[in-house]
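In what follows, a structure is listed as structure tokens, so that the remarks can point back to it.
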Amino acid sequence: MVPVPGRGPRSRSPTQYPPPSLGGDGTAVPLEDDFQFLCCEGCRKESPNLKLLTCLHTLCLGCLSEMKPVGQCPICRTAIPQASGIPDMDNLLFTNLQARLSIYKKISEGGGPSCSRCQGETAAVWCSECEELLCTKCFDDHQWFFKKRSHEAKKVEELRADSARRFLEDTRKSSNLFCSRCSRFPSSIYCRTCKRALCCSCALLDSHHATFCDIVSETQRRQEELGTMRRRLQQKRRGLELARELERVEGVLRRMEAGERLVEKMNLYATEQEVMDMQPFIKDSLEELQRLQPPAVGDRTQPGDLAECRARLQALEERVVGHPGEDLPWGLIQPPHSPASSNGLGWKELQSSSSPNALPWVGTPPTSPGCSKPPPTWP
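Sequential numbering from 91 applies to the sequence shown in this note's numbering.
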């Protein structure tokens, strides 16, 4: 990239954004309702220092410091493995989205934002590649320096007419992933052996590996892999919701919800750099969730038992309603594997039986329509 006079070379890995916008009193400007997911899940405040836990919940450094004596996520009670209580993984997606939203807020202001370079004139153009707001004069200089590069520029007045979500989607670039080896040139090749994004020069010099693929295909594959895992988790979540009252399962459900939400936002807003940096960490957390099994239900009635009871009740109802005047077939309430002729139980004994397979009756014992005689006892 050709350097601009008076400015040093711009570091692009990771992408640097301005901090979240501040109000007149120095506090962060509240996010729109649609983007409250960018806030810390502990204090619900905007922060430039967001950490991604292994349970896929996002907390700021302040909340993590408060929870250090406990050593657990305050949302789902999952243990934080780091001894310092501070996770190693930054939530790059949420931090960068906050910064891009602050740019949108500047653009949406009535007076208009100032030029990022000269700081004196009102900005008229936004360059999504340089991530700068430029006045007309600085934009002319920009075009001269980068005339051989495909920098996409858009008028500020057009961006002001867009919604915040549209702005975030349009400013998600596809060419901001730089070589993981030399860090000087954009990467266009992915080595599946060493799992690194490389530029063409470094890929040609890599004589040890040959399993290369296009970097765009690799980022798409990673997104699809997360989407598939998300769908599997949704199916497993339905089974766990049956035991939501259990505290451990409640924590797992919260982790699943956080994982589904994070993958959804990755699909919407993540750049290629963010996908490459965050996908392995998210994948490991989702795989851990997939290995979890629902707790044993114990003495609770299983779906098969309910189906059996329902069938026996339906058969009994059809016999009683469909054949008036006949004696009630008491054998229907006898468990299928216990012979009715050998247990010696009468009606009262049957009512008080503690057998787990016996079908309980509520109220008075049923009788056939028009039949007032008491139920027979077993011989």
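Note that CB positions come from ideal geometry on N, CA and C, so glycine has one too.
- The region 202-219 makes no contact with the region 171-188, as fewer than three CB pairs between them are under 8 Å.
- Along the region 212-250, the alpha helix (DSSP H) occurs as fully enclosed runs of 4 or more residues at 226-235, listed in sequence order.
- Pairing residue 145 with residue 166 gives a Cβ-Cβ distance under 7 Å.
- At a cut-off of 3 residues, the continuous stretches assigned as beta strand (DSSP E) that sit fully inside the region 302-326 are 302-304.
- In the DSSP assignment, residue 286 falls within the beta strand (DSSP E) that extends over 286-288.
- Secondary structure at residue 260: helix, using DSSP grouped into helix, strand and coil.
- The Cβ-Cβ distance between residue 289 and residue 269 falls below 7 Å.
- Between residue 330 and residue 349, the gap from beta carbon to beta carbon reaches 7 Å or more.
- One thing to note: residue 148 has its Cβ within 7 Å of the Cβ of residue 131.
- Under DSSP, the beta-bridge partners assigned to residue 276 are 268.
- Of the candidates 382, 252, 271, 271 places its Cα closest to the Cα of residue 296.
- With a minimum length of 4 residues, the unbroken runs of alpha helix (DSSP H) contained wholly in the region 128-196 fall at 151-156.
- Burial is judged here by how many other beta carbons sit within 10 angstroms of a residue's own beta carbon; residue 212 has fewer than 16 and is exposed.
- Of the residues 305, 341, 321, 379, the one whose Cα lies closest to the Cα of residue 361 is 305.
- Counting C-beta pairs closer than 8 Å gives fewer than three between the region 156-166 and the region 190-198, which falls short of the contact rule.
- Here residue 261 is buried, its C-beta having at least 16 other C-beta atoms within 10 Å.
- Put simply, of 173, 187, 168 the residue whose alpha carbon is nearest the alpha carbon of residue 140 is 187.
- With a 10 Å radius around the Cβ and a threshold of 16 neighbouring Cβ atoms, residue 232 comes out buried.
- Leaving aside the five residues that flank residue 255 on each side, the residues in its chain whose CB is nearer than 7 Å to its CB run, in chain order, 124.
- Apart from sequence neighbours up to five positions away, the residues of its chain that approach residue 177 with a beta-carbon distance below 6 Å are 141, 143, ordered along the chain.
- At a Cβ-Cβ threshold of 7 Å, residue 225 and residue 241 do not count as neighbours.
- If you draw a 10 Å sphere on the C-beta of residue 309, you find 16 or more other C-beta atoms in it, and that means buried.
- Looking at the DSSP output, residue 292 sits in no beta bridge, so it has no partner there.
- At a Cβ-Cβ threshold of 7 Å, residue 228 and residue 250 do not count as neighbours.
- The beta carbons of residue 353 and residue 316 sit closer together than 7 Å.
- Partner residues in the beta bridge of residue 204, as assigned by DSSP, are 212.
- Taken atom to atom, the span from the alpha-carbon of residue 197 to that of residue 215 is near 10 Å.
- Apart from sequence neighbours up to five positions away, the residues of its chain that approach residue 245 with a beta-carbon distance below 7 Å are 214, 215, ordered along the chain.
- In summary, residue 169 is exposed, with fewer than 16 beta-carbon neighbours lying within 10 Å of its beta-carbon over all protein chains present.
- Bounds of the alpha helix (DSSP H) holding residue 369 are 362-381.
- Between residue 363 and residue 267, the beta carbon gap of about 5 Å places them in contact (Cβ cut-off 8 Å).
- Between residue 346 and residue 327, the C-beta gap is smaller than 7 Å, which places the two residues in contact.
- Excluding sequence positions up to five before and after residue 341, its CB lies within less than 6 Å of the CB of 166, 167, all in the same chain and listed in chain order.
- Between residue 275 and residue 253 a beta carbon distance of about 35 Å is seen, past the 8 Å cut, so the two are scored as non-contacting.
- From the listed residues 175, 280, 281, 312, the smallest Cα separation to residue 368 is found for 312.
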